[in-house]
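What follows is one structure encoded as structure tokens, with my remarks underneath.
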Amino acid sequence: MNTPAPDSDTSATELKVTGEWYPATSSARFRAELVLGQHAFQLHAETQPCQQGNSQQLHFSDRVGNIPRKIRLPDNSLFQTADNQAIDDWLSESSNTQHSKASRYFHHLESNTRMIAFSLLFVIAFSTALLRWGLPWASSWVADRLPVAVAETVGKNTLDSLDHLFLAPSALSQSQQQKIRHRFRHEIAPLFNDDQGYELHFRQLAGQPDMANAFALPSGDIVVTDALARVLNAAQLDAVLLHEIGHIYHRHSMQRVIHNASLSLIILAALGNDMTLSEELIAGLPVFLMHQHYSRQAEHEADQFAVSALQKQQKSPLPLAEALEIITQTDGENHEEDNSDYLSTHPATEKRLARIREQASHQ
Amino acid sequence: MSDITESATDSMSKDRFTQNHSTPDSSITDSLAEAPRCQSNFQFSGNGFEYFRIWIVNILLSIVTLGIYSAWAKVRTKRYFYGNTFLDNSNFEYHAKPIQILKGRIIAFAALIIVMLLNEIHPAMGIITTVLLILAAPFIIWSALRFNAKVSSYRNVPFSFHGNLGKAYKYLLILPIIPAFVLGMAGFGLSKTGVNSSIAGILVSLGLLSICLMIPYVQAMFYYYYINGSNFGQGEFRAEIKPSFFYVTYLKLIGWSIVWLIIISISVAAIAAISGALNAATFADIQSRPGSLLALGPLLLLIYLPFIMFGIWSKAYLQVNVRNYTLNQTQLDDTLSFKSNLTTSRLFTLQLVNLFLIIFTLGLAWPWVKVRLARYSADSLNVEISEELAGYVTEQQRKQSALSDEMGEAFDMDADLGLTL
Numbered sequence: 039m040n041t042p043a044p045d046s047d048t049s050a051t052e053l054k055v056t057g058e059w060y061p062a063t064s065s066a067r068f069r070a071e072l073v074l075g076q077h078a079f080q081l082h083a084e085t086q087p088c089q090q091g092n093s094q095q096l097h098f099s100d101r102v103g104n105i106p107r108k109i110r111l112p113d114n115s116l117f118q119t120a121d122n123q124a125i126d127d128w129l130s131e132s133s134n135t136q137h138s139k140a141s142r143y144f145h146h147l148e149s150n151t152r153m154i155a156f157s158l159l160f161v162i163a164f165s166t167a168l169l170r171w172g173l174p175w176a177s178s179w180v181a182d183r184l185p186v187a188v189a190e191t192v193g194k195n196t197l198d199s200l201d202h203l204f205l206a207p208s209a210l211s212q213s214q215q216q217k218i219r220h221r222f223r224h225e226i227a228p229l230f231n232d233d234q235g236y237e238l239h240f241r242q243l244a245g246q247p248d249m250a251n252a253f254a255l256p257s258g259d260i261v262v263t264d265a266l267a268r269v270l271n272a273a274q275l276d277a278v279l280l281h282e283i284g285h286i287y288h289r290h291s292m293q294r295v296i297h298n299a300s301l302s303l304i305i306l307a308a309l310g311n312d313m314t315l316s317e318e319l320i321a322g323l324p325v326f327l328m329h330q331h332y333s334r335q336a337e338h339e340a341d342q343f344a345v346s347a348l349q350k351q352q353k354s355p356l357p358l359a360e361a362l363e364i365i366t367q368t369d370g371e372n373h374e375e376d377n378s379d380y381l382s383t384h385p386a387t388e389k390r391l392a393r394i395r396e397q398a399s400h401q
Numbered sequence: 014m015s016d017i018t019e020s021a022t023d024s025m026s027k028d029r030f031t032q033n034h035s036t037p038d039s040s041i042t043d044s045l046a047e048a049p050r051c052q053s054n055f056q057f058s059g060n061g062f063e064y065f066r067i068w069i070v071n072i073l074l075s076i077v078t079l080g081i082y083s084a085w086a087k088v089r090t091k092r093y094f095y096g097n098t099f100l101d102n103s104n105f106e107y108h109a110k111p112i113q114i115l116k117g118r119i120i121a122f123a124a125l126i127i128v129m130l131l132n133e134i135h136p137a138m139g140i141i142t143t144v145l146l147i148l149a150a151p152f153i154i155w156s157a158l159r160f161n162a163k164v165s166s167y168r169n170v171p172f173s174f175h176g177n178l179g180k181a182y183k184y185l186l187i188l189p190i191i192p193a194f195v196l197g198m199a200g201f202g203l204s205k206t207g208v209n210s211s212i213a214g215i216l217v218s219l220g221l222l223s224i225c226l227m228i229p230y231v232q233a234m235f236y237y238y239y240i241n242g243s244n245f246g247q248g249e250f251r252a253e254i255k256p257s258f259f260y261v262t263y264l265k266l267i268g269w270s271i272v273w274l275i276i277i278s279i280s281v282a283a284i285a286a287i288s289g290a291l292n293a294a295t296f297a298d299i300q301s302r303p304g305s306l307l308a309l310g311p312l313l314l315l316i317y318l319p320f321i322m323f324g325i326w327s328k329a330y331l332q333v334n335v336r337n338y339t340l341n342q343t344q345l346d347d348t349l350s351f352k353s354n355l356t357t358s359r360l361f362t363l364q365l366v367n368l369f370l371i372i373f374t375l376g377l378a379w380p381w382v383k384v385r386l387a388r389y390s391a392d393s394l395n396v397e398i399s400e401e402l403a404g405y406v407t408e409q410q411r412k413q414s415a416l417s418d419e420m421g422e423a424f425d426m427d428a429d430l431g432l433t434l
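Laid out in structure tokens, this is it:
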């Protein structure tokens, strides 16, 4: 302090804080006191000559939590104090410092309880919405725009590895296979003249020859199990094949691949890049749950596809419902599963049946 | 000057941070005669809830600004962790400018878009861009090391990194692939002559194996390169890093893994047997209906658990051993040496609890996890100061191109002082 300030305003905004002073370009450390006035500052470092200057030339670090506040002096030396609050108070009163607002702004947000509560709710709502709608929408948008060639490569490799792992050659007679193939080629496939080629394959599930099921690969390959071909009549089988074409048409498997990959990426980005192996395993859990939910929606879409294709041909959609019932019965699938969206193993068959029957009755 | 600062240090030791001076009272009178020897502990003074508030606001603002704020978020986070890490009552400081980081991220984003567009134009571009990225990787890492050192400081004196770029290429790109390249070429040459295709095959697989065998060596070399290239002011860090230590560590890890796998298989068998005995009917039911796989959920989780524990354990084992070794080998001139005493069991339990915290809060416990790790990391690190810490002088600014500054952050490499776990 040189001479006591005549007006009381200046002395009101004068602040004394203790801390440490680090000279420029050296790691020495001194206990120090900083006197901050409206216009001028003085620094008294232990055993060092007093330093003074214009308060405007001080540079205050932004406040982050409660880490020591750094105040850079014009000679590039550093004064540091743990008394964040005193500095904040002084800054808020001295309107003429360029840092009065900016250096405290984010800290204000971070210490405001309402802001924290709002952030928390917003982040939860945002991530839920992203998982629930954003990601599925984006995946289907990308899947629809993917060249057919990509889907074909993916699918071909899949069938090869499935053959290795889970499938056995068909035991159906050639004539039976021919009959179904003929109907498929001449009655079903021509309905859709997109550039996607559809191909029918007959297989058994290894070790479970009585499992009646069908599935579609993104390449347009549709696999029908022997048991399915045996238990269904022609109309029912056609309906199932249309349902499978629906999966391919909507590119459900590609959507799922993209969906899973981006979900994993998001989790990785959110948790940072230092994940351990096991955290990745855990990150797989939401992927698994989302996938379950996803398949339910996909089944509905494929059903709708089959129903409208049948209706266009002036046929009844009822065989699809019949086929569904037969498949679930031979599958031994229980119907009392809980219907919580994310945990149901198979889309609730009852709901699907009801919807198809309702559409049939509208005809 | 040295005595004055020492007295300042002493009077400050009454602060909230403890400090064990082996010399009873180094007062103003002790000057050049005896170098003060003292031990000092790293301290971390952050707390979970405080960081939670910073973290959640960071996420909110990053979403609202479509990612632009993420650069500011990164700087605030780094400042929080550096600023709360104390050694000898002074804290570390991170002073990168968010705008530098934002520029880097924009460059990286633009590069990503260009790569994607190129791949769209021609599939062969994918190979070219991958090769380019591999070729650029050492440069990017080198730049990140330089950038991160430059924006970190302690007691108003910045760190710096002077490792040479050629060595980054040598250790990160050339050494790892040389044996593989030689063996691969030999195998390829042999198969061309058609003399002995089985030997050629063996050579090629040996080549692939050699990449794995090079990992410990390359890791050791890289730590050597990183530590010996680092400076604090004009003071130089030194470390004698022996590749043999890394080989031994990996071998031990393999040995322990075998023990783990035996434990896992026994416990899995036990779980299966117990649950089978408890409810044979249900189990048979499950087997007959593979569709209701989810009924297996709790059981699967039980079987999953040992694997998860193994994953955490092996990562903790490597981290603990490598960090203890490299830090204990490190010293700053003759002034300061480190003593890191992490233990695998502590880090393992810490990480296991962290994992459950994360799962049961759906990720919201992340800030607490980071703080717990930072605290353990600091608590387990001591330094022995044998000379004045005050004598370090900021080094003359060496020239560094603006481009490499930005590239350093462009790919968001987290190359820091190595203080965090």
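In order, the protein sequence lines correspond to chains L and G. First residue of the first sequence? That's 39 in this note's numbering, and the numbers climb one at a time after it. First residue of the second sequence? That's 14 in this note's numbering, and the numbers climb one at a time after it. Beta carbons are placed, not taken as given, at the ideal position from N, Cα and C, and that holds for glycine. This one's a predicted model, so the numbers in the text were calculated from it and none came from an experiment.
Straight-line CA distance for M249 of chain L to L365 of chain G?
Spanning the alpha carbons of M249 of chain L and L365 of chain G requires a straight line of approximately 42 Å.
Please list the residues of the segment 323 to 354 of chain G that have a C-beta atom closer than 7 Å to any C-beta atom in chain L, keeping them in chain order.
Listed by position along the chain: G324, I325 and K328.
Presumed contact (8 Å Cβ cut-off) between A387 of chain G and G61 of chain G, rounded CB distance:
The Cβ separation is near 10 Å, so there is no contact.
is_contact[E397 of chain G, chain L] using C-beta, thresh 8 Å
Not an interface residue.
What residue from L:R69, L:I304 and L:E337 has the CA that sits closest to F403 of chain L's CA?
Nothing about residue 403 of chain L can be read from this structure; chain L reaches only from 39 to 401.
What's the call for I283 of chain L, buried or exposed, on a 16-neighbour Cβ count within 10 Å?
Per the 10 Å Cβ criterion, buried.
So N131 of chain L is in the alpha helix (DSSP H); what residue range does that whole segment cover?
The amino acid occupying residue 131 of chain L in the given sequence is Glu; Asn does not appear at that position. According to the DSSP assignment, E131 of chain L belongs to the alpha helix (DSSP H) that extends over N122 to E131.
Beta-carbon separation (whole angstroms), G57 of chain L vs L74 of chain L, contact threshold 8 Å
Actually they are not in contact, since the Cβ atoms of G57 of chain L and L74 of chain L sit about 12 Å apart, beyond 8 Å.
For a quick check, are the C-beta atoms of V278 of chain L and A336 of chain L less than 8 Å apart?
Not a contact, by the Cβ cut-off of 8 Å.
Give the residues of chain L in contact with R92 of chain G, contact being defined as C-beta atoms less than 9 Å apart.
Chain L residues near R92 of chain G: S99, D100, V102, G103 and I105.
When burial is assigned at 16 or more other CB atoms within 10 Å of the CB, is A86 of chain G buried or exposed?
It counts as buried.
The segment 114 to 134 of chain G in contact with the segment 109 to 122 of chain L per 3-pair CB rule at 8 Å
The way I'd put it, the segment 114 to 134 of chain G doesn't touch the segment 109 to 122 of chain L; fewer than three beta-carbon pairs between them come closer than 8 Å.
I want to see whether chain G comes within less than 8 Å of L391 of chain L, judged by CB atoms only; does it?
For L391 of chain L, the answer is no, since every Cβ of chain G falls outside 8 Å of its Cβ.
Looking at C-alpha atoms only, which residue of L:G103, L:L168 and L:S177 is the closest neighbour of Y143 of chain L?
Ranked by Cα distance from Y143 of chain L, the first of L:G103, L:L168 and L:S177 is L:G103.
Answer yes or no: does any C-beta atom of chain G fall closer than 8 Å to that of E374 of chain L?
Confidence in E374 of chain L is poor, its pLDDT being 38 and thus under 50, which makes the residue's placement unreliable; the coordinate value appears in the next sentence. No, its Cβ sits nowhere closer than 8 Å to a Cβ of chain G.
List, in chain order, every chain G residue whose beta-carbon is nearer than 9 Å to that of M292 of chain L.
Simply none; closest approach about 17 Å.
With 7 Å as the limit, tell me which residues of the segment 205 to 223 of chain L have their beta carbon closer than that to any beta carbon of chain G; keep them in chain order.
Listed in chain order, the positions of the segment 205 to 223 of chain L with a beta carbon within less than 7 Å of a beta carbon of chain G would be empty, since no residue qualifies.
Determine the direct distance from the alpha carbon of Q52 of chain G to that of N244 of chain G, and round the result to whole angstroms.
Cα to Cα, N244 of chain G sits roughly 21 Å from Q52 of chain G.
Determine, using beta carbons only, whether R168 of chain G comes closer than 8 Å to chain L.
It does: the Cβ of R168 of chain G has a partner Cβ on chain L nearer than 8 Å.
Residues in the same chain with beta-carbon distance under 6 Å from L348 of chain L, minus the five sequence neighbours each way, listed in chain order, please.
Here the set comprises P355.
Which residue from G:S166, G:L394, G:A150 and G:I325 puts its Cα closest to that of A109 of chain G?
Ranking G:S166, G:L394, G:A150 and G:I325 by Cα distance to A109 of chain G puts G:S166 first.
Hey, how far is the Cα of R223 of chain L from the Cα of L131 of chain G?
If you take the alpha carbons of R223 of chain L and L131 of chain G, they lie about 39 Å apart.
Pair every Cβ in the segment 208 to 226 of chain G with every Cβ in the segment 166 to 183 of chain G, then say whether three or more of these pairs are closer than 8 Å.
When C-beta atoms of the segment 208 to 226 of chain G are compared with those of the segment 166 to 183 of chain G, fewer than three pairs fall below 8 Å, so the two segments do not count as touching.
Based on the DSSP secondary-structure assignment, which residues constitute the bridge partners of I30 of chain L?
Chain L is shown from 39 up to 401; residue 30 of chain L falls before or after that span and cannot be answered.
Min CB distance S280 of chain G to chain L below 8 Å
It does not: the Cβ of S280 of chain G has no partner Cβ on chain L nearer than 8 Å.
Between the Cα of G248 of chain G and those of G:E400, G:V77 and G:Y64, spot the shortest distance and give me the residue it belongs to.
Measuring C-alpha to C-alpha distances from G248 of chain G to each of G:E400, G:V77 and G:Y64 identifies G:E400 as the nearest.
Would T119 of chain L count as contacting chain G if we go by Cβ distances under 8 Å?
No, T119 of chain L does not count as interfacial toward chain G.
Does any CB atom of chain G fall closer than 8 Å to the CB of E337 of chain L?
Judged by the 8 Å Cβ criterion, E337 of chain L is not in contact with chain G.
Identify every run of the beta strand (DSSP E) within the segment 199 to 273 of chain L, keeping only runs that are complete inside it and at least 3 residues long; order them along the chain.
Counting only runs that start and end inside the segment 199 to 273 of chain L, the beta strand (DSSP E) elements of at least 3 residues fall at 205 to 207, 237 to 243, 252 to 254 and 259 to 263.
Range of the contiguous alpha helix (DSSP H) that encloses E63 of chain G:
Following the DSSP letters along the chain, one finds E63 of chain G inside the alpha helix (DSSP H) bounded by residues G61 to V77.
Would S177 of chain L and S291 of chain L be called neighbours here (beta carbons separated by less than 8 Å)?
Contact flag unset, no.
Distance cut-off 7 Å: Y338 of chain G Cβ against heavy atoms of the ligand ADP:
Annotation note on the ligand ADP: not contained in the displayed structure, which lists no ligands.
Which residue from G:E253, G:I81 and G:G246 puts its Cα closest to that of Y238 of chain G?
Checking every option, the nearest Cα to that of Y238 of chain G belongs to G:E253.
DSSP-derived helix/strand/coil call for G200 of chain G
DSSP places G200 of chain G within a helical segment (H, G or I) once states are collapsed to three.
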